[in-house]
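Residue numbers (my numbering), protein chains in the order written: chain A, 1 to 376; chain B, 1 to 376; chain C, 1 to 376; chain D, 1 to 376. Heads up, the thing below is written out as structure tokens.
There are 4 protein chains.
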Amino acid sequence: MRLTIAGDSHGKYMIAVLEGIPAGLKIDEEIIRRELFRRRNCYGRGKRMSMEEDAFEIVSGVWGGITTGAPVTILVPNKAGNPVKDVRSVPRPGHIDYAAFVKYKLPDLNVYVERSSARWTVALTAAGALLKSLLREFNIDVLGFVTRLGNVEAKNIPDNFEELRRKRDESAVFCPDPEATEGMISEIDRAKEEGNTLGGKVKVIARGVPAGIGSYSDLFKKLDSKIGSLFFAIPAVKGVVIGSEEMWYGFDYLDEFELEDGRIKRRTNNLGGIEGGITNGEDVWVNVFVKPIPTTGKPLNSVDLRTMEPAKTPYVRSDVTAVPPASVVCEAALAVVISDALLEHLGDGNIDDLKRRFGNENLPRWDDGFWKEYDR
Amino acid sequence: MRLTIAGDSHGKYMIAVLEGIPAGLKIDEEIIRRELFRRRNCYGRGKRMSMEEDAFEIVSGVWGGITTGAPVTILVPNKAGNPVKDVRSVPRPGHIDYAAFVKYKLPDLNVYVERSSARWTVALTAAGALLKSLLREFNIDVLGFVTRLGNVEAKNIPDNFEELRRKRDESAVFCPDPEATEGMISEIDRAKEEGNTLGGKVKVIARGVPAGIGSYSDLFKKLDSKIGSLFFAIPAVKGVVIGSEEMWYGFDYLDEFELEDGRIKRRTNNLGGIEGGITNGEDVWVNVFVKPIPTTGKPLNSVDLRTMEPAKTPYVRSDVTAVPPASVVCEAALAVVISDALLEHLGDGNIDDLKRRFGNENLPRWDDGFWKEYDR
Amino acid sequence: MRLTIAGDSHGKYMIAVLEGIPAGLKIDEEIIRRELFRRRNCYGRGKRMSMEEDAFEIVSGVWGGITTGAPVTILVPNKAGNPVKDVRSVPRPGHIDYAAFVKYKLPDLNVYVERSSARWTVALTAAGALLKSLLREFNIDVLGFVTRLGNVEAKNIPDNFEELRRKRDESAVFCPDPEATEGMISEIDRAKEEGNTLGGKVKVIARGVPAGIGSYSDLFKKLDSKIGSLFFAIPAVKGVVIGSEEMWYGFDYLDEFELEDGRIKRRTNNLGGIEGGITNGEDVWVNVFVKPIPTTGKPLNSVDLRTMEPAKTPYVRSDVTAVPPASVVCEAALAVVISDALLEHLGDGNIDDLKRRFGNENLPRWDDGFWKEYDR
Amino acid sequence: MRLTIAGDSHGKYMIAVLEGIPAGLKIDEEIIRRELFRRRNCYGRGKRMSMEEDAFEIVSGVWGGITTGAPVTILVPNKAGNPVKDVRSVPRPGHIDYAAFVKYKLPDLNVYVERSSARWTVALTAAGALLKSLLREFNIDVLGFVTRLGNVEAKNIPDNFEELRRKRDESAVFCPDPEATEGMISEIDRAKEEGNTLGGKVKVIARGVPAGIGSYSDLFKKLDSKIGSLFFAIPAVKGVVIGSEEMWYGFDYLDEFELEDGRIKRRTNNLGGIEGGITNGEDVWVNVFVKPIPTTGKPLNSVDLRTMEPAKTPYVRSDVTAVPPASVVCEAALAVVISDALLEHLGDGNIDDLKRRFGNENLPRWDDGFWKEYDR
């Protein structure tokens, strides 16, 4: 599977193309609508958001609601037209402005924001949401939520997946801990008042991923590598930890095996469901560090690149934090990565064939006869 | 540039192939020798290490010490022959054993360790060390060191690069803080006694990387994405944070601009030298979370996959920690990533041409005439 | 550079995404308009063509007519709406119908034509035409024309490029030999009457390509491999020969060197401008074998896949031949391949930098000082 | 699956790395030995050949004769040591000499031949031969032979595959037509006397390839595109035609369907077994144009790049023709392409799982229930 994302934040469309989707898959557009809505509607988002309805259109690869095996293209129209703006020459710390100017050398910083703003994550969100229709066929569920905002950390995170989802959905900041939610809302209010912006952390979990997904052949097909590759493409993401961040002592960290009704279980899941680049049947979970938005409400020190004189960053209306929407985007990203690795494992063709392949291949027993001709 | 790594830990060779290296580059084999030696010689490494001399041979792409533009192949012989071993059927928590058995279904866990052991990082180390001969031509320097081992954290890290390197090299665990080094050695001794293993953290810095390296075109050519992709392929790596982990408030985190002698400077470098996927001229720095080695000195709970009865993991002689060598490997990984992005920026051909291209393209001034035909 | 093409022939848009285009390039939309018109307007095209105006829109990566370095997306709307059609279960020989049904297993052959019809080549044509704005900056010109249709072969092909273009453009079938053009028109008329379809051959030339483009590092970066990879993705293409098809004797075939005013010249160009995967400074030229359209005007023998009874292929209004439009498509394909290889050579960033790099690197002299430190 | 090939013709080894091979596959080294022998031993090969024994070693990814899922590395030692040679500054027409000098700018043409000589095809031959152990599991057989040498064309080519193989193997030039073989041997003798070299044509057939292999999703996953990509990477290959070269009239060319015992058959196979980028169940067959060797026995006109004076190409002992060994190399290339596409279709893991997947998925019937929820 290959995902291509294009689009400028004030262009006509954001575009996602998914190649390698099996044929015969029924796409539930409601999921896409819901995830785009979630990405847009959370506490702390600014005015631009409400100008965009995040309608979307699937313009290829789907016929009567069913995939055809051809590339699937999703277009998300940008509602906010491109206002005539003055040339901007004062770069904002934390944004691509300066770095892109040095590389691309076009003398208007407005240009670079078109590609590098978080607007393109709407296309990633749509692509991930579309792939949930695929994951559902294999009983794989993906869920993302906020675990930290500014200095407020979530403490009580339900273990039960449905409760976790419900509590998250009840939170204006997608944090399943109601008490922390209140603290986070206060953080947002205070930051807004100060003109400050907030970073934080997000956790994403994939439940139901079978053991054996990923690879140790090509280094870049290791599931960890795929996670690193896509998550670090998300603008606000500056850090990714797979599984527990507390990894100081082997005895505390390594997930021992036990048997439960004759089946293998783990007591803990510090490793995040991946061992050696391949899933081990436990939840795949990822912690993501999300940086504060670079567009602050009070000016920061900068330099006017035109005059090479000190200058202050301009005041631009913006969100206070990208952490809650980042939880939606990261959920989508994990859906993309798991789908990609799952399809690499199962091959291509018709979804019913892939499901049959999947169904026929339960966990191996030691004496299954594999490698039968091998003589040591 | 493309890096391919192959080799089994008890096979004849570990193999690294680098495609896309410019012609005419003088390779300093001494660097490779030194880095392989560093990877092998640090406190806490077990006996296997001393059995390997990490000789290496460059068998293609270099003629008389100069690259030819053809793929460069490095072979690192494995000295430790493959001992006859019994079939192993008890998976070790934290290792690929169980996950790979489910995927590949060959009934001997010894098989999977061949590819998934950290032994292949010797090839990555060699490849990164070779690329230092490239980076040197552009005055780019890469340095990695240990910042945490078990519960001991480094506090005093010199800002001066040469002092940093010197202090790191004086430390048996590659930690530039002498006091922390002592603590870390104690941690290792204690862990060894207990049969425990240690995780920790590593920091890698690339100094001298020019602004403008990376891209915002293809998502996966963003420098962050490249870092995520390669670092997460390293067996022991479970987490990567680019720049500071303290990213909770915009005012504290965003690196403001200032002018110094008419040149743009930053007061801080929390962003780790990358904005929007492109370097901004500051040091690129990365924190890496390294998990404890899964082969503990005391048995862990497991299951015998042959009998499906509870079992204990076998005692295998092993290192206590992979953190110090991981600092060498991560240094190599950053050298690979920076080289790759630099070559994408500069194109291919002869190194002298690339250097001329590089030299001719200083930072743009606003009125440089780029985009001159554009009429707003 | 990476080209992604999506779109169903009756969907809303055909989509081309180009990643890795340098910033600051002025796009001449007139070229795109012209090439789309040419693809559509030639003798022998059927009715569907006139229903499509091949309007197009560049919806990303271009700001005020100038590229920004972000992915460039071109949308070409499909004018012909999707008529309600009966399920089709009789596969046409030569079309994807049967092969795709076996793979994707959706019981309506209409589905597969959506992706596999030649309609997607409109997106390739647009992408190639857009890249002509890039090639123009480097004085590279690409030209395609018909050399054979049915049994009629072109004999008199002008050597002068401008004359060649003019004569081609005067021909209703894009054949620069006026006499052959007449014969080809007769072939088309006769075939139409008989319900037959016509194959043929196309020649594409890239003039002005500097020596040194391509690579011998990665096998798949050899220019020949890139040509094979893209040309064979074009639906009607079944054969590709680089340079002369008459390659039986070394003495006749190999292009000897001579000096003209102190510069190296070749007497002949049988090798098609590529030696060892790298351009040699002569014209790059490619012969393409184009198969007859699988939708014939008289029924062919087939099988109804629903009943597994013998059946005849349905009558569907169609073109008689794809050879003239294929000459437009192949011209675009060569523009894509040359652009891709040129950008790999020159790197990325701003077009003016790339032009300076290009300008600074004339042909090497033997004593240029490259490899100066090498001591044999 | 990904194939990487490295190695210099006078370096220690030629290297092939295959990533993505399933685990549990028994490798028959005898096939590799046989194909390397065939590549080396045919009429018209020069002296260098006999100096090489083409021993080979599989140094990774295989354990006790069985693949492990890890990358498979094959090393083929180069027996001919690197003789001390004078600097060479006179480029040979048809070889990479001049083009590579312009690109890489190293002042010794001997350098470029290291990578660009046909010597690396020994690694491709070994890789393809190894993959025959995979194809055999799916009853797929690949066969290549010479159809033209100089002006002599094969006429009588047996349709029966075993007879075809036998006759080919009896021919000193791998041409299954005994009469043509004689003519070809005369061509070689005459060419040798004249110092001339010979081009020709090769045909490669894959029998037993199931319908449904390939894809119409990503353009570059079409089977035709994969064939073009790999075949045009082979040094001597200048042309590739899939199926019949006679493609002028639809009625003559398109392969009509018929029923035989209730199964779908074709009367002809002009399309070469691929429709729309996907196999249709017929033999996949490819014609390959092979150029004459650029090292002629009598000097050609050239230029001394050092002095920029006219010069003659040096006399170097060489083969008269690469066509017979090219038939071996192209057979290997088709084995690689078909394996790659087959594995993309079937996914990864253990070979026995892949065989079960394969076995469970016979040709679909129209009413198989795929796409069952679709409501037009």
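Idealized CB from N, CA, C, for every residue including glycine. Remember, it's a predicted structure, so these values are computed and weren't measured experimentally.
- Ala129(D) places its beta carbon less than 8 angstroms from that of Glu35(D).
- One Cα belongs to Arg190(C), the other to Gly208(C), and the distance between them is close to 39 angstroms.
- When Asp368(D), Ile157(D), Thr68(D), Gly214(D) are compared, the shortest CA-CA separation from Thr181(D) is found for Ile157(D).
- Interface flag for Pro71(C) against chain B is set, since a Cβ pair is found closer than 8 angstroms.
- When CB distances to chain A are screened at a threshold of 7 angstroms, the residues of the region 350-367 of chain B falling below it are Leu363, Pro364, Trp366, in chain order.
- Taking the C-beta atoms as reference points, Val288(D) is found no nearer than 8 angstroms to Phe358(D).
- Chain B has a Cβ within less than 8 angstroms of the Cβ of Leu106(D).
- Distance from Ser225(B) to Ala233(A) at the Cβ level is roughly 4 angstroms; contact confirmed, criterion being Cβ atoms closer than 8 angstroms.
- Annotation for Phe257(C): Ile264, Arg266 place their beta carbon closer than 7 angstroms to its own, counting only its chain and skipping 5 residues before and after.
- Taking the CA atoms as reference points, Pro176(A) sits about 16 angstroms from Trp285(A).
- Listed along chain A is no residue with a C-beta nearer than 9 angstroms to that of Trp285(B); the closest approach is about 11 angstroms.
- Between Pro71(A) and Gly64(A), the C-beta spacing is not below 8 angstroms.
- Non-local C-beta neighbours of Lys355(A) in its own chain, meaning closer than 8 angstroms and more than five positions away in sequence, comprise Glu137, Phe138, ordered along the chain.
- Identification of chain C residues near Thr68(A) by a Cβ-Cβ cut-off of 8 angstroms yields Asp8, Tyr104, Leu106, Val111, Tyr112, Glu114, Arg115, ordered along the chain.
- Annotation for Phe145(C): the continuous beta strand (DSSP E) segment containing it runs 141-149.
- Residue state for Thr73(A) is assigned as strand, using DSSP reduced to three classes.
- The contact set of Leu346(A) on chain D, defined by CB atoms closer than 8 angstroms, consists of Gly347 in chain order.
- In this structure, Ile27(A) and Ile58(A) form a Cβ contact; the two beta carbons are roughly 7 angstroms apart against a cut-off of 8 angstroms.
- Between Gly195(A) and Lys298(A) a beta carbon distance of about 3 angstroms is seen, short of the 8 angstroms cut, so the two are scored as contacting.
- Counting along the chain, the unbroken alpha helix (DSSP H) around Val113(D) starts and ends at 110-116.
- For a cut-off of 8 angstroms, the C-beta gap from Ala333(D) to Lys132(D) is around 12 angstroms, too long to register as a contact.
- Comparing C-alpha distances from Ala6(D) to each of Gly277(D), Leu346(D), Ser116(D), Arg33(D) shows the shortest one belongs to Ser116(D).
- The beta-bridge partner set that DSSP reports for Asn160(A) is empty.
- Comparing C-alpha distances from Pro324(C) to each of Thr147(C), Gly214(C), Asp304(C), Glu53(C) shows the shortest one belongs to Thr147(C).
- For the 8 angstroms CB-CB criterion, Leu106(B) and Ala23(D) form a contact.
- Taking 8 angstroms as the threshold, the shortest C-beta distance from Phe138(B) to chain C does not fall below it.
- Taking all protein chains shown into account, Ala55(C) has fewer than 16 neighbouring C-beta atoms within 10 Å of its C-beta and is therefore exposed.
- At the C-beta level, Phe370(C) and Asn350(B) come within 8 angstroms of one another.
- Per the C-alpha coordinates, the member of Lys291(C), Ala127(C), Gly272(C) positioned closest to Pro93(D) is Gly272(C).
- Put simply, the CB of Gly20(A) is near chain D, with a gap under 8 angstroms to one of its CB atoms.
- Within the region 178-250 of chain D, the complete beta strand (DSSP E) segments of 3 residues or longer fall at 200-207, 237-242, listed in chain order.
- Glu246(B) counts as exposed, since fewer than 16 other C-beta atoms from the protein chains shown sit within 10 angstroms of its C-beta.
- Pairing Leu305(B) with Ser89(B) gives a Cβ-Cβ distance under 8 angstroms.
- Residue environment: Phe101(D) is assigned as buried (16 or more neighbouring CB atoms within 10 Å of its CB, all protein chains considered).
- Residue burial annotation: Asp108(D) is buried, with at least 16 other C-beta atoms found within 10 angstroms of its C-beta.
- Residues of the same chain with a CB within less than 6 angstroms of the CB of Val17(B), apart from the 5 flanking positions on each side, are Thr4, Pro71, Thr73 in chain order.
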